[in-house]
Amino acid sequence: MLTELRIRNFAIIDAVVLPLAPGLNVLSGETGAGKSIIVGALGLLIGERATADLVRPGADRAVVEGTFELGDAPELRAQLDERGIDCDDGLLVLKREVAAASGARARAWINGTAVTAAVLADVGRALVNVHSQHEAQSLLDAEAQRRILDAFAGAQGQTAAVARAHATLADARHAVADLVARRDAAQKRADYLRHVAHEISDAKLVEGEEQKLEDEARRLTHAEELRALAGELSGVLEGEDASVLAQLGHLQKPLAALQRIDPSVDRLQELYDAAYYALEELAREVSAYAETVEHDPNRLAEVDRRRDVLFRLLKKYGGTVASALETGREARAELSLLDTAALDLRGLEESVATADAALRATAAALTKVRQKAASRLAKEVEAQFPGLGLEDGRFQVVLTARDEPGAVGAEDVEFRVALNVGHEARALSRVASGGELARVMLALKTILAGVDRVPTLIFDEVDAGIGGKVGQQVGDAMRRVAEHHQVFAITHLPQIAARAHHHIRVHKGAKDGVTTADIEVLEGDARVEEVARMLGGDADSATSRAHAREQLHAGAAVRPPQDEPRRGARGRGA
Numbered sequence: 166m167l168t169e170l171r172i173r174n175f176a177i178i179d180a181v182v183l184p185l186a187p188g189l190n191v192l193s194g195e196t197g198a199g200k201s202i203i204v205g206a207l208g209l210l211i212g213e214r215a216t217a218d219l220v221r222p223g224a225d226r227a228v229v230e231g232t233f234e235l236g237d238a239p240e241l242r243a244q245l246d247e248r249g250i251d252c253d254d255g256l257l258v259l260k261r262e263v264a265a266a267s268g269a270r271a272r273a274w275i276n277g278t279a280v281t282a283a284v285l286a287d288v289g290r291a292l293v294n295v296h297s298q299h300e301a302q303s304l305l306d307a308e309a310q311r312r313i314l315d316a317f318a319g320a321q322g323q324t325a326a327v328a329r330a331h332a333t334l335a336d337a338r339h340a341v342a343d344l345v346a347r348r349d350a351a352q353k354r355a356d357y358l359r360h361v362a363h364e365i366s367d368a369k370l371v372e373g374e375e376q377k378l379e380d381e382a383r384r385l386t387h388a389e390e391l392r393a394l395a396g397e398l399s400g401v402l403e404g405e406d407a408s409v410l411a412q413l414g415h416l417q418k419p420l421a422a423l424q425r426i427d428p429s430v431d432r433l434q435e436l437y438d439a440a441y442y443a444l445e446e447l448a449r450e451v452s453a454y455a456e457t458v459e460h461d462p463n464r465l466a467e468v469d470r471r472r473d474v475l476f477r478l479l480k481k482y483g484g485t486v487a488s489a490l491e492t493g494r495e496a497r498a499e500l501s502l503l504d505t506a507a508l509d510l511r512g513l514e515e516s517v518a519t520a521d522a523a524l525r526a527t528a529a530a531l532t533k534v535r536q537k538a539a540s541r542l543a544k545e546v547e548a549q550f551p552g553l554g555l556e557d558g559r560f561q562v563v564l565t566a567r568d569e570p571g572a573v574g575a576e577d578v579e580f581r582v583a584l585n586v587g588h589e590a591r592a593l594s595r596v597a598s599g600g601e602l603a604r605v606m607l608a609l610k611t612i613l614a615g616v617d618r619v620p621t622l623i624f625d626e627v628d629a630g631i632g633g634k635v636g637q638q639v640g641d642a643m644r645r646v647a648e649h650h651q652v653f654a655i656t657h658l659p660q661i662a663a664r665a666h667h668h669i670r671v672h673k674g675a676k677d678g679v680t681t682a683d684i685e686v687l688e689g690d691a692r693v694e695e696v697a698r699m700l701g702g703d704a705d706s707a708t709s710r711a712h713a714r715e716q717l718h719a720g721a722a723v724r725p726p727q728d729e730p731r732r733g734a735r736g737r738g739a
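Below, the structure is given as structure tokens:
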């Protein structure tokens, strides 16, 4: 739940610290005092669009910060952990900053970690749900109505199973379409593919062949020069008496004499032996090489023809023997598809049939759950209507079968109402006014309060257009919702304010010649005075105060939330 909201330099607000408590929190005040601005600041905190005109005149930036107690929220904790945001102490601090400078980007933090506005919005939606007359229009969306029914039915597991089954069917159908497309493409290209496969296969390519042919062609082209050079080396090494080996042999006698006189020069003998043997090996290798070099014009012509074949093939098929061989393999694989496609297609179509049957079975199970829940939801919402000033209202949840199941099931969901006697139930969009929509939404929230996981609900003047007994009934409904959620209501009705567990008043003044808004937590006589003002009488008269006390007494009689409200200190401008 939201325990504290701190706002600085936002619109007409200079600095406000708003303490909140469990149960029903009410914000009241004169028209234009800044109540909706506080809701706007909260909206900014949970990811709504930030613009420079939100900054208070004369300030360089606006800052909104909220402290939340997480409680038992494993999914949200896991989401935060994935993003590297620490919340071990169970507290979550969201912060948003908007600069007044044109073009400057808004910044956001969660527990001191910088995040994007999208991440802030994801986390914010899990913490706070804002409901207003405008937001009630979301009830007109068929997808929203389906989600409400599924939440009431506790069908999250079934809806997830249907989504998985639909994804499996979509994958199977995609596999069939892909195989058919590849088969058709192969049929169109069959003649070309056969030509490619045969041409590459007939060439009997060997990887690395091009380099070997290039080396051999160079040797054959320069055969005479290579033989001459090898002969020259051989003559120097082991020719007549003047050869290197002959000269080296003459060194053995003086070296042996040197060793007899000074045995410490044994190392010289080792070096001599190594040099002599190395030169002998070099001579043998040069001689052997010379024998391999042959001037063979026929072989050279053969090598050149093979190189021409390779050049033409590699130019067509990728530039290397490896790429040409891969092209051949791919061509043969495409051709083999023509032989195997029929069998593979039968297997894939069987997979489609299996997946389709699984989807239909899973969707049918979800349909049964929805049918039972639709009847119960209609009855429970209708039971709320009299308490919200809709005594003649009837509510229906209509399920319309689709031609085939989709990712969300086998039917569309539509909420229908008849709010006047003798009228046929019609879609909400064709029947309900703004105020009536707000009360239908409140009825649904009252029913769904036990299963909705969002801990804090904000109601921004959803009581517009009502009063008297209906206002009292709406206040009672909000207080009942507060058994399961923290509720924060912006209201002008004393009947709702009197039912709050925690009452805050917004008032407008001036600071340094600039209009500003401030808040005060009301208790005791201050609260009696505010309710008396809201009743429209003289807040100082005994009659108005008695009427206000009566309202407060009636509000306190409504069943309280399970947690006692925590009293905050008086609000202050910070």
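In this note's numbering, the protein residues as written are 166 to 739.
Glycine included, every Cβ here is placed at the ideal spot set by N, Cα and C.
All values derive from a computational prediction rather than experimental measurement.
Could you tell me which residues DSSP puts in a beta bridge with residue i?
i, result
"HIS712", "Answer is none; HIS712 lacks a bridge partner."
"ARG670", "SER193, GLU685"
"ILE202", "ILE202 is not bridged to any residue."
"HIS296", "PHE624"
"ARG261", "VAL229, ALA273"
"ARG591", "VAL582"
"ALA279", "TRP274"
"VAL220", "PHE175"
"ASP577", "THR565"
"LEU256", "GLU234"
"ALA675", "THR680"
I need the straight-line Cα distance from residue i to residue j, nearest angstrom please.
i, j, result
"GLU405", "ALA455", "19 angstroms"
"VAL468", "THR485", "18 angstroms"
"VAL182", "ALA528", "50 angstroms"
"ARG472", "GLY396", "30 angstroms"
"GLU389", "HIS460", "7 angstroms"
"ALA180", "ILE172", "6 angstroms"
"PHE175", "ALA265", "11 angstroms"
"LEU447", "ARG359", "53 angstroms"
"GLU381", "LEU402", "27 angstroms"
"GLU547", "ALA575", "26 angstroms"
"ALA496", "LEU510", "20 angstroms"
"ILE178", "ALA663", "26 angstroms"
"VAL539", "LEU553", "The sequence given here places Ala at residue 539; Val does not occur at that position. Going by the C-alpha atoms only, they are around 21 angstroms apart."
"GLY640", "ILE661", "4 angstroms"
"VAL284", "GLU169", "21 angstroms"
"GLY689", "THR621", "26 angstroms"
"ALA719", "PRO659", "12 angstroms"
"GLU262", "ARG710", "42 angstroms"
"ALA721", "GLU715", "10 angstroms"
"ASP255", "VAL293", "The question names Asp, but residue 255 in the sequence shown is Gly. Approximately 16 angstroms between the Cα atoms of the pair."
"LEU436", "PRO428", "15 angstroms"
"ALA520", "ALA330", "7 angstroms"
"SER501", "ILE250", "53 angstroms"
"LEU305", "LEU584", "16 angstroms"
Just to check my reading of the structure: residue i and residue j have Cβ atoms closer than 8 angstroms, yes? What is that Cβ distance to the nearest angstrom?
i, j, result
"GLU601", "ALA592", "GLU601 to ALA592, Cβ: 13 angstroms. No contact."
"LEU207", "ILE623", "7 angstroms"
"LEU185", "LEU209", "Not quite, the Cβ-Cβ distance comes to about 17 angstroms (not below 8 angstroms), so this is no contact."
"LEU613", "PRO570", "With 8 angstroms as the limit, LEU613 and PRO570 do not qualify as a contact, their Cβ atoms being about 25 angstroms apart."
"PHE550", "ALA608", "6 angstroms"
"LEU465", "LEU385", "4 angstroms"
"HIS296", "VAL627", "6 angstroms"
Residue i lies in the alpha helix (DSSP H); which residues open and close that run?
i, result
"ALA342", "321-353"
"PHE476", "462-481"
"ARG171", "First-last for ARG171: 167-175, but that is the beta strand (DSSP E), not the alpha helix (DSSP H)."
"ASP158", "The displayed coordinates of the chain run from 166 to 739. Any statement about residue 158 would go beyond what the structure contains."
"VAL646", "633-646"
"ALA489", "486-549"
"ILE661", "659-662"
"ALA422", "417-426"
"PRO239", "239-247"
Would you mind reading off the limits of the beta strand (DSSP E) that contains residue i?
i, result
"GLU234", "226-234"
"THR565", "559-571"
"VAL652", "651-655"
State yes or no: is the beta carbon of residue i nearer than 8 angstroms to at least one beta carbon in chain B?
i, result
"ALA682", "This model lacks chain B altogether, as it is built from one protein chain only."
Three or more beta-carbon pairs under 8 angstroms between the segment 207-215 and the segment 279-299, yes or no? Yes, the segment 207-215 is in contact with the segment 279-299.
Are the segment 239-250 and the segment 316-326 in contact at 8 angstroms, needing three or more beta carbon pairs? no
Would you be able to state if there are at least three C-beta pairs under 8 angstroms between the segment 416-428 and the segment 475-493? no
With a cut-off of 8 angstroms, do at least 3 Cβ pairs link the segment 187-197 to the segment 272-285? no
Count the CB pairs spanning the segment 358-377 and the segment 405-420 that are closer than 8 angstroms, and state whether there are at least three. no
Cβ pair count under 8 angstroms reaching 3, the segment 344-361 against the segment 553-570: no
With three or more C-beta pairs closer than 8 angstroms as the rule, is the segment 222-236 touching the segment 696-705? no
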